[in-house]
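Chemist: Handing you a structure now.
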Amino acid sequence: MVLPESLKLDITSHHPSLLEAAEPNWYWGLNDTMIYTTRSGYEWLLGQKVQWDANESWLWLWRMNILEKVKGLIWLCLHNAIPTASFRSSRNLIIMDICPRCNEASETAEHCLRFCTKAQLIWKRLEVEMSRRNAFLEFRAWIRVNLRATKAIFAAGFWWIWRDRNNDIFNPNDSWSMKKVIMLARHSAAEYGIVKCTNQVSSHPSLIDSWCPPPLHVVKPNCDASLFEQQHLASFGCVLRNDFGKWLLSCSASIPTGSITWCELYAIWRGLCLAWDCGDNEIICETDCLEAYLLIIKDFAGMPRDYNDLLLKIAEMMQWN
Ligand SMILES: [Zn+2]
1 MVLPESLKLD
11 ITSHHPSLLE
21 AAEPNWYWGL
31 NDTMIYTTRS
41 GYEWLLGQKV
51 QWDANESWLW
61 LWRMNILEKV
71 KGLIWLCLHN
81 AIPTASFRSS
91 RNLIIMDICP
101 RCNEASETAE
111 HCLRFCTKAQ
121 LIWKRLEVEM
131 SRRNAFLEFR
141 AWIRVNLRAT
151 KAIFAAGFWW
161 IWRDRNNDIF
171 NPNDSWSMKK
181 VIMLARHSAA
191 EYGIVKCTNQ
201 VSSHPSLIDS
211 WCPPPLHVVK
221 PNCDASLFEQ
231 QHLASFGCVL
241 RNDFGKWLLS
251 CSASIPTGSI
261 TWCELYAIWR
271 GLCLAWDCGD
281 NEIICETDCL
291 EAYLLIIKDF
301 AGMPRDYNDL
311 LLKIAEMMQW
321 N
């Protein structure tokens, strides 16, 4: 809607009398000051167009200092829009809405993330408040209360419980141990804490949102490998950056083919060598291969022999100072 200039001038020069005894006049009745603001006008329009309730604002979530993907998941849960058994059953995609993990109740988002036996065990180990008082909170309030109390660990727990549930459904022969889920959640929470403590302003704009610099006086090699099994080709690449996000060194090369985990371990080892060659011994090494990471921290009980040589080299380097 375009208003004529004369009308605009009339509106902006109008100052309604706020005195009760003042003679009748026209004013903006949708906020306490009786003066029009863009915000109150926008909220009014939303109410007209989409029946939006200003008291139902989601700002408490969007302004939360947690990862965007967790905010998205919480929002979907609170809109009953994640593909739980209950959700799929209501759309006639499956017959039974029972939780496939505990077989004890309908698998709603709340059951899956909060009440399911498997979720409860994780929350307990993550020391998230599960008191009797909290038990009576409805789902949304329960999320808000816990996010306020234990922001990073609750957000990470929420995310990894959902991932664990999906892994149980889609990889039934390779389910994750509770220890692994707890470790992943704690690691995510700790990593997020480090990122938040680090000044990201000095990073190159192209790196913000996709890469986080290491803490002060620490360097970070990012390592990755690729494998084309059918062509018998494998290669790796590493890039080393400092706490300002500045590029220091990089390397890449073809390597003998092995399993993808072996190639990723090789990339990590070369990344550590790169950092060491640069004269730095405070290193945070980043990889996108969870299995390689778990092998390095010796979380896997049955360590494949093929990896021993590389794992020993990496373990040895981690001891250097
Ligand atoms: Zn369940």
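For the sequence shown, full-length UniProt numbering assigns the number 1 to the initial residue and increments by one for each residue that follows.
All C-beta atoms in this analysis are idealised placements derived from N, C-alpha and C, irrespective of residue type, glycine included.
Given Phe154, which residues of its chain have a CB within under 6 Å of its CB, disregarding the five upstream and five downstream residues?
Modeler: As a first step, residue 154 is located in the sequence shown; it is residue number 154 there, counting from the start. Val128, Asn146 and Leu147.
Chemist: Give a single yes or no on whether Glu110 has its beta carbon closer than 7 Å to a heavy atom of ligand 1.
Modeler: Position 110 of the sequence shown, counting from 1, holds the residue named residue 110. Not under cutoff, so the answer is no.
Chemist: Report all residues from its chain with a CB closer than 6 Å to the CB of Arg88; omit the five preceding and five following residues, and keep chain order.
Modeler: Translated into positions along the sequence shown, residue 88 becomes position 88. Only Ile94 meet the Cβ criterion.
Chemist: Quick check: the Cα distance between Trp58 and Tyr36, rounded to an integer number of angstroms?
Modeler: Counting from 1 along the sequence shown, the entry for residue 58 is found at position 58. Counting from 1 along the sequence shown, the entry for residue 36 is found at position 36. Cα to Cα, the separation comes out at about 23 Å.
Chemist: What is the residue span of the beta strand (DSSP E) that Lys220 lies within?
Modeler: Translated into the one-based positions of the sequence shown, residue 220 becomes position 220. Under the DSSP assignment, Lys220 falls in the beta strand (DSSP E) whose first and last residues are Lys220 to Phe228.
Chemist: Around the Cβ of Val2, are there at least 16 other Cβ atoms within 10 angstroms (buried) or fewer (exposed)?
Modeler: Mapped onto the sequence shown, residue 2 falls at position 2. With fewer than 16 other Cβ atoms within 10 Å, it is exposed.
Chemist: Pull up the DSSP beta-bridge partners for Ser235, would you.
Modeler: On the sequence shown, position 235 is the one that residue 235 refers to. For Ser235, which the question treats as bridged, DSSP gives the partners Ser226 and Ser254.
Chemist: Near Lys118, which residues of its chain fall below 6 Å by C-beta distance, leaving aside the five closest residues on each side in sequence?
Modeler: Counting from one through the sequence shown, the residue named residue 118 turns up at place 118. Once the five neighbours on either side are set aside, the close Cβ partners of Lys118 are Arg101.
Chemist: Relative to ligand 1, is the shortest distance from any of its heavy atoms to the C-beta of Ala85 smaller than 7 Å?
Modeler: Within the sequence shown, numbered from 1, the residue matching residue 85 stands at position 85. No; taking the cut-off as 7 Å, the Cβ of Ala85 has no heavy atom of ligand 1 nearer than that.
Chemist: For the region 253–261 against the region 210–220, are there 3 or more C-beta pairs whose distance is under 8 Å?
Modeler: Contact between the region 253–261 and the region 210–220 is absent, with fewer than three C-beta pairs closer than 8 Å.
Chemist: Going straight from the alpha carbon of Cys99 to that of Lys69, what length do you get?
Modeler: Stepping through the sequence shown from its first residue, residue 99 is reached at position 99. Stepping through the sequence shown from its first residue, residue 69 is reached at position 69. Between Cys99 and Lys69, the C-alpha separation is close to 24 Å.
Chemist: Taking the runs of the alpha helix (DSSP H) that are 4 residues or longer, which of them lie wholly in the region 60–106?
Modeler: 68–78 and 85–90
Chemist: Taking the continuous alpha helix (DSSP H) assigned at Asp277, which residues delimit it?
Modeler: Sequence index remark: in the sequence shown, residue 277 carries index 277 (1-based). Note, Asp277: alpha helix (DSSP H), Ile260 to Asp277.
Chemist: Whose C-beta lies closer than 6 Å to the C-beta of Val201 among residues of the same chain, with five residues either side of it excluded?
Modeler: As a first step, residue 201 must be located in the sequence shown, where it is residue number 201. The pLDDT assigned to Val201 is 41, lower than 50, so where the model puts this residue is not dependable, and the model offers no usable value.
Chemist: Leaving out five residues on either side along the sequence, give the residues of the same chain with a beta carbon under 6 Å from the beta carbon of Leu78.
Modeler: Taking the sequence shown and counting its residues from 1, the one referred to as residue 78 is at position 78. Cβ neighbours of Leu78 beyond the five flanking positions: Arg140.
Chemist: Suppose the cutoff is 7 Å on Cβ atoms and the five residues either side in sequence are ignored; what does the same chain contact list for Trp62 look like?
Modeler: Taking the first residue of the sequence shown as 1, we reach residue 62 at position 62. Cβ within range, chain order: Lys71.
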